[in-house]
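Student: Right, I'll just put the structure down here and ask away after.
There are 2 protein chains.
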Amino acid sequence: MIRAVNGDRLSRRIAALAEFGRNPSGGVTRVAYSEADRQGCEWMEEVMSEAGLDVHVDAAGNRVGRRAGREDRLPPLVLGSHIDSVVEGGKYDGPVGSLAAIEVVQALAEQGITTRHRLEVIVFQNEEYGHVGSRAVTGELTEADLDVVNAIGKTRREGIAFLGGDPSRLDTVRRRPGDIVAFLEVHIEQGEILESKGVDIGVVEGIVGVQRWDVVVEGRANHAGTTPMGRRRDALLAAARFVDAVNRVVTALPGRQVGTVGALRVFPGAPDIVAGRVELSLDIRDMDEERIDALFRELCADAERLGGESGTAFSFSRYYRHEPVRMHPVIRGVLDRSARELGLTTEAMVSGAGHDAQTMAKLAPAGLIFIPSVGGVSHSADEYSRPEDIANGAAVLFRSLLELDAMEVA
Amino acid sequence: MIRAVNGDRLSRRIAALAEFGRNPSGGVTRVAYSEADRQGCEWMEEVMSEAGLDVHVDAAGNRVGRRAGREDRLPPLVLGSHIDSVVEGGKYDGPVGSLAAIEVVQALAEQGITTRHRLEVIVFQNEEYGHVGSRAVTGELTEADLDVVNAIGKTRREGIAFLGGDPSRLDTVRRRPGDIVAFLEVHIEQGEILESKGVDIGVVEGIVGVQRWDVVVEGRANHAGTTPMGRRRDALLAAARFVDAVNRVVTALPGRQVGTVGALRVFPGAPDIVAGRVELSLDIRDMDEERIDALFRELCADAERLGGESGTAFSFSRYYRHEPVRMHPVIRGVLDRSARELGLTTEAMVSGAGHDAQTMAKLAPAGLIFIPSVGGVSHSADEYSRPEDIANGAAVLFRSLLELDAMEVA
Chain Y
244 MIRAVNGDRL SRRIAALAEF GRNPSGGVTR VAYSEADRQG CEWMEEVMSE AGLDVHVDAA
304 GNRVGRRAGR EDRLPPLVLG SHIDSVVEGG KYDGPVGSLA AIEVVQALAE QGITTRHRLE
364 VIVFQNEEYG HVGSRAVTGE LTEADLDVVN AIGKTRREGI AFLGGDPSRL DTVRRRPGDI
424 VAFLEVHIEQ GEILESKGVD IGVVEGIVGV QRWDVVVEGR ANHAGTTPMG RRRDALLAAA
484 RFVDAVNRVV TALPGRQVGT VGALRVFPGA PDIVAGRVEL SLDIRDMDEE RIDALFRELC
544 ADAERLGGES GTAFSFSRYY RHEPVRMHPV IRGVLDRSAR ELGLTTEAMV SGAGHDAQTM
604 AKLAPAGLIF IPSVGGVSHS ADEYSRPEDI ANGAAVLFRS LLELDAMEVA
Chain U
244 MIRAVNGDRL SRRIAALAEF GRNPSGGVTR VAYSEADRQG CEWMEEVMSE AGLDVHVDAA
304 GNRVGRRAGR EDRLPPLVLG SHIDSVVEGG KYDGPVGSLA AIEVVQALAE QGITTRHRLE
364 VIVFQNEEYG HVGSRAVTGE LTEADLDVVN AIGKTRREGI AFLGGDPSRL DTVRRRPGDI
424 VAFLEVHIEQ GEILESKGVD IGVVEGIVGV QRWDVVVEGR ANHAGTTPMG RRRDALLAAA
484 RFVDAVNRVV TALPGRQVGT VGALRVFPGA PDIVAGRVEL SLDIRDMDEE RIDALFRELC
544 ADAERLGGES GTAFSFSRYY RHEPVRMHPV IRGVLDRSAR ELGLTTEAMV SGAGHDAQTM
604 AKLAPAGLIF IPSVGGVSHS ADEYSRPEDI ANGAAVLFRS LLELDAMEVA
């Protein structure tokens, strides 16, 4: 099949970018605001220029590349993703989407195509630890947000300046609804649904809502030798039954909701002492926030019962809530149709992880294209997406962009 | 009721000893080989002298007080316990038995009673972190044992010298079967069986066997948002079901066996990551070692099933085994009868915790008298035993000692 985009060039660039912050393990640590991140961003500017984009660093430290359209009065079509990584991350989470966006623009240039709409490619800074670059564009960053210290000990304020931005001028970065005609992002799935089903392209319906609680189970610490089973108030036994209940309650209904206890600490935590206190995390995600609420209510009732049975007491404190975000139905249709016209198989899916597209969806109709992750592995040196899958993602982006450009989206 | 022992004096001495190593919390930190421990031991020598005992420090650093008997050819009757505490311990665990033994001897002297057998009171050093003093007497201490570093950073070898002993001459401390006619110890229960049943005196049948394992559950760490419930290999879910299984299996049979998971660690242990690995402790105790083995086999079968259901793998590594030790039936009978003749209620019970008496039982018929612990609290500033219960324990010790002295135990 003839592809409008150059998949080899795209894969070479992904490999080249992985040199910035490469680990001994073969993965990448390119945490936002690190030297590796800055060098990676500067290298991206060169690649954007090669693609014919007119590049600048905005006041938030995002790299923004522009290409003129045929109709100046129209707002831009925007493509983008990020290049920062988590600590001990992989080569694909972020770079695939950022470099696919650039590849699409370069392919347009090489084929002499000028779109009606202006085009913008944005490489958002610091997606991994707070969607900082995209939230600057939506105007959500508060002064307190700017004081948050990241994994390498810098505040976001310091990091923005380090990347060439100006944290005192974030108002110049902010866009408002209507300023952008549509936003598109390609990203690796970071799960194994596409690979296990043998599907080429995931068309993301939305990004799940997330709620997270600190859960404390109070029992009574006691000597493991001298305290008969019937006289214990074992916080770990109650907590264990709660962990099992989370799985049971979440899987009792059909659907894609997930519930996770990923952190659990025992006090005092000695082999010969019955646990007096357990602290654990509860994370529930679904596209339907009412379902999250209903699952939580059921778990509270279970905790009440488990506490009563075991002489322990549960308490819950919600510390994180992120509402579900839906991708625009018109754009989802365009992405799905474009993929099928390219002979690719598609699957409608939800994203369990956050992305810049969920932030940008507050400003403009947004679309998110997933490509397969081998083994579903992400945030790891073992993260891998095949070159042909990456090229597929870029091809869908190219075709969808042209279709959207032809539509009267507004 | 007229008591042969002076309960007020005994309680005053327990309070006085608690000044050595007193905490801001009101508890005691008198860890073996600390300055507080040494000062406490020296104070104990004075008290032993007041009681008419001829005191010396043996090569193991134990305080040994002797009182002549009427028949020199007979081996001694030995009473004793310890005065060292855990970090942030209480005032009663150890001191009650050590000072009750001295009180008994002083009461004999005041009443002009000379026993047939010689008497010895031993204040064993470092009971809490390895029964070091009593194991020197049974000859169990190896060179490697002497190199073990305790909670305050001293080797046992250094600690023995610090307390006035000579670690190169431990052979002079060792006794052999037949060297001691019987050993008796009073100790707080450290559980709440006696108090909750309103029983005065626990006659210990034996000290339970203990086996302890490190258990590792291997699953696969994964993103809590992008990994559907059905595709997880959640090590914490499997571990939680195992914790529940321990409780179910151990309580399925009647008996006093206990099983505890007191330590559990999750890796990587983040709220948004499905657990890839869990490490937990398993502690099983019973008077019958075959029952411990049978419970463990059943739990291994459960772990195999739980692993199969959840895509995880369990492995077990036993790192501690202590055989059950039985107190001598003749001595148990004497203790029980003595208590009843004093108008006290008794209960036969097992000890879930270790004591010097379990070490001494290897050398000689041994008996262990428990008195109630309020709320079952121990190893804590809140540890408390009532003066009347302490006096009861000393009275039983006094009466039992006289009865044993009159018997031809050998």
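Chains as they are written, first to last, in the working numbering: chain Y, 244 to 653; chain U, 244 to 653. By construction, the Cβ of each residue, glycine as well, lies at the ideal position given by its N, Cα and C atoms.
Candidates U:GLU646, U:PHE559 and U:ALA638: which alpha carbon is nearest VAL347 (chain U)'s?
Tutor: In the second sequence, residue 347 (chain U) corresponds to position 104, counting from 1. Of the listed residues, the one whose Cα sits closest to VAL347 (chain U) is U:ALA638.
Student: Could you work out which residue in Y:ARG499, Y:ASP529, Y:PHE557 and Y:ARG476 is closest to VAL517 (chain Y) when comparing CA atoms only?
Tutor: On the first sequence, residue 517 (chain Y) is found 274 positions in, with the first residue counted as 1. Minimum Cα distance to VAL517 (chain Y) is reached at Y:ARG476.
Student: Would you verify that the beta carbon of ASN490 (chain Y) is, or is not, closer than 7 Å to some beta carbon of chain U?
Tutor: Walking along the first sequence from the start, residue 490 (chain Y) turns up at place 247. It does: the Cβ of ASN490 (chain Y) has a partner Cβ on chain U nearer than 7 Å.
Student: Could you work out which residue in Y:LEU342, Y:ASN266, Y:ALA258 and Y:ALA275 is closest to VAL248 (chain Y) when comparing CA atoms only?
Tutor: Here residue 248 (chain Y) is taken as the residue at index 5 of the first sequence, counted from 1. Checked all of Y:LEU342, Y:ASN266, Y:ALA258 and Y:ALA275; the closest Cα to VAL248 (chain Y) is Y:LEU342.
Student: Restricting to Cα atoms, I'd like to know which of U:ASP443, U:SER560, U:GLY502 and U:ARG580 is closest to PRO471 (chain Y).
Tutor: Here the question's residue 471 (chain Y) lines up with position 228 in the first sequence. Out of U:ASP443, U:SER560, U:GLY502 and U:ARG580, U:GLY502 has the C-alpha closest to the C-alpha of PRO471 (chain Y).
Student: Among U:ASP280, U:MET570 and U:ASP599, which has the Cα closest to the Cα of LEU406 (chain U)?
Tutor: Within the second sequence, residue 406 (chain U) is the residue found at index 163, counting from 1. Among U:ASP280, U:MET570 and U:ASP599, the Cα nearest to that of LEU406 (chain U) is on U:ASP280.
Student: Nearest by alpha-carbon distance to GLY473 (chain U): which of Y:PRO420, Y:ARG499, Y:MET287 and Y:ARG569 is it?
Tutor: Position 230 of the second sequence, counting from 1, holds the residue named residue 473 (chain U). If we check each option's Cα against that of GLY473 (chain U), Y:ARG499 comes out closest.
Student: Count the other CB atoms, across all protein chains shown, that sit within 10 Å of the CB of TYR562 (chain U); report buried if there are 16 or more and exposed otherwise.
Tutor: Taking the first residue of the second sequence as 1, we reach residue 562 (chain U) at position 319. Counting Cβ neighbours within 10 Å, TYR562 (chain U) comes out exposed, since fewer than 16 surround it.
Student: Could you tell me the distance, in whole angstroms, from the CA atom of LEU351 (chain Y) to the CA atom of ALA259 (chain Y)?
Tutor: Residue numbering aside, residue 351 (chain Y) sits at position 108 when the first sequence is read from its first letter. Residue numbering aside, residue 259 (chain Y) sits at position 16 when the first sequence is read from its first letter. Each residue's alpha carbon lies about 22 Å from the other.
Student: THR602 (chain Y) by DSSP, collapsed to three states: which one?
Tutor: Here residue 602 (chain Y) corresponds to residue number 359 of the first sequence, with the count starting at 1. Helix at THR602 (chain Y).
Student: If distances are taken between C-alpha atoms only, which option among U:VAL459, U:SER581, U:ALA537 and U:GLY333 comes closest to ALA495 (chain U)?
Tutor: Against the second sequence, residue 495 (chain U) aligns to sequence position 252. Ranking the options by Cα distance to ALA495 (chain U), first place goes to U:ALA537.
Student: Kindly say whether THR602 (chain Y), judged by its beta-carbon, lies nearer than 7 Å to any beta-carbon of chain U.
Tutor: For this step, residue 602 (chain Y) is matched to residue 359 along the first sequence. No, THR602 (chain Y) does not count as interfacial toward chain U.
Student: DSSP on SER558 (chain Y), reduced to helix/strand/coil?
Tutor: Counting from 1 along the first sequence, the entry for residue 558 (chain Y) is found at position 315. In the structure shown, SER558 (chain Y) sits in a strand (DSSP, three-state: E or B).
Student: To the nearest angstrom, how far is it from the Cα of ASP422 (chain Y) to the Cα of LEU606 (chain Y)?
Tutor: Here residue 422 (chain Y) is taken as the residue at index 179 of the first sequence, counted from 1. Here residue 606 (chain Y) is taken as the residue at index 363 of the first sequence, counted from 1. Going by the C-alpha atoms only, they are around 8 Å apart.
Student: On the CB-based measure, 16 or more other CB atoms within 10 Å of its CB, does GLN454 (chain U) come out buried or exposed?
Tutor: For this step, residue 454 (chain U) is matched to residue 211 along the second sequence. Under this definition GLN454 (chain U) is a buried residue.
Student: Going by beta carbon distance, what residues of the same chain come within less than 6 Å of GLY340 (chain Y), once the five residues before and after it are set aside?
Tutor: If you number the first sequence from 1, residue 340 (chain Y) lands on position 97. SER324, GLU428, VAL429 and HIS430, listed in sequence order.
Student: Just the C-alpha distance for PHE641 (chain U) and LEU647 (chain U), rounded to the nearest angstrom, thanks.
Tutor: Taking the first residue of the second sequence as position 1, residue 641 (chain U) is located at position 398. Taking the first residue of the second sequence as position 1, residue 647 (chain U) is located at position 404. Those two C-alpha atoms are separated by around 10 Å.
Student: My assumption, with CB atoms under 8 Å, is that ALA404 (chain U) sits in contact with ALA303 (chain U). Please give the rounded CB distance.
Tutor: Against the second sequence, residue 404 (chain U) aligns to sequence position 161. Against the second sequence, residue 303 (chain U) aligns to sequence position 60. Contact doesn't hold; Cβ gap of about 11 Å is too wide.
Student: Where do the ends of the alpha helix (DSSP H) carrying GLU522 (chain Y) lie?
Tutor: As a working mapping, residue 522 (chain Y) is identified with position 279 in the first sequence. Note, GLU522 (chain Y): premise wrong, no alpha helix (DSSP H); beta strand (DSSP E) at 520 to 529.
Student: Look at PRO410 (chain Y) and ARG400 (chain Y) and say whether their C-beta atoms are less than 7 Å apart.
Tutor: Counting from one through the first sequence, the residue named residue 410 (chain Y) turns up at place 167. Counting from one through the first sequence, the residue named residue 400 (chain Y) turns up at place 157. In this structure, ARG400 (chain Y) lies closer than 7 Å to PRO410 (chain Y) by Cβ.
Student: For the stretch 340 to 396 of chain Y, which segments carrying the beta strand (DSSP E) assignment without a break, of at least 3 residues, lie completely within its bounds, in sequence order?
Tutor: Those beta strand (DSSP E) runs which fall completely within the stretch 340 to 396 of chain Y and span 3+ residues are 362 to 367.
Student: For my contact list, HIS571 (chain U) and ALA609 (chain U) are in at a C-beta cut-off of 8 Å; report their separation, rounded to the angstrom.
Tutor: Here residue 571 (chain U) refers to the residue found at position 328 when the second sequence is read from its first residue. Here residue 609 (chain U) refers to the residue found at position 366 when the second sequence is read from its first residue. Yes, they are in contact, since the Cβ atoms of HIS571 (chain U) and ALA609 (chain U) sit about 6 Å apart, within 8 Å.
Student: What is the C-beta distance between SER616 (chain U) and GLY434 (chain U), in whole angstroms, given that I count them as a contact (C-beta under 8 Å)?
Tutor: For the purposes of this step, residue 616 (chain U) is taken as the residue at position 373 of the second sequence. For the purposes of this step, residue 434 (chain U) is taken as the residue at position 191 of the second sequence. The pair is a contact, with the Cβ atoms about 7 Å apart (cut-off 8 Å).
Student: In the DSSP assignment, find the unbroken beta strand (DSSP E) run with ARG310 (chain Y) in it and report its ends.
Tutor: On the first sequence, position 67 is the one that residue 310 (chain Y) refers to. 306 to 310 is the extent of the beta strand (DSSP E) around ARG310 (chain Y).
Student: Just tell me which of Y:GLU386, Y:PHE367 and Y:GLU371 has its CA closest to the CA of ALA596 (chain Y).
Tutor: The residue labelled residue 596 (chain Y) in the question sits at position 353 within the first sequence. Closest option to ALA596 (chain Y), Cα to Cα, is Y:GLU371.
Student: Buried or exposed, going by whether 16 or more other CB atoms sit within 10 Å of the CB of GLU432 (chain Y)?
Tutor: The residue given as residue 432 (chain Y) occupies position 189 in the first sequence. So GLU432 (chain Y) counts as buried.
Student: Just checking, does the stretch 309 to 319 of chain Y make contact with the stretch 381 to 399 of chain Y on the three C-beta pairs under 8 Å criterion?
Tutor: No: fewer than three Cβ pairs fall under 8 Å.
Student: Report the residue ranges of all beta strand (DSSP E) runs contained in full by the stretch 406 to 456 of chain Y; include only those spanning at least 3 residues, in chain order.
Tutor: Taking only runs of at least 3 residues, the beta strand (DSSP E) segments lying wholly in the stretch 406 to 456 of chain Y are 425 to 431 and 444 to 450.
Student: Quick one: is SER268 (chain U) buried, meaning 16 or more other Cβ sit within 10 Å of its Cβ, or exposed?
Tutor: What you label residue 268 (chain U) is simply residue 25 of the second sequence in a count that begins at 1. It counts as exposed.
Student: The beta strand (DSSP E) with THR398 (chain U) in it runs from where to where?
Tutor: Locating residue 398 (chain U) in the second sequence gives position 155, counting from the first residue. It is not in any beta strand (DSSP E) - THR398 (chain U) carries neither H nor E in the DSSP assignment.
Student: Count the other C-beta atoms from every protein chain shown that fall within 10 angstroms of the C-beta of THR358 (chain U), then say buried if there are 16 or more, exposed otherwise.
Tutor: Working through the second sequence from its first residue, we reach residue 358 (chain U) at position 115. By the neighbour-count rule (16 or more Cβ atoms within 10 Å), THR358 (chain U) is buried.
Student: For THR589 (chain U), does the three-state DSSP call read helix, strand or coil?
Tutor: As a first step, residue 589 (chain U) is located in the second sequence; it is residue number 346 there, counting from the start. Looking at THR589 (chain U) - three-state DSSP - the assignment turns out to be strand.
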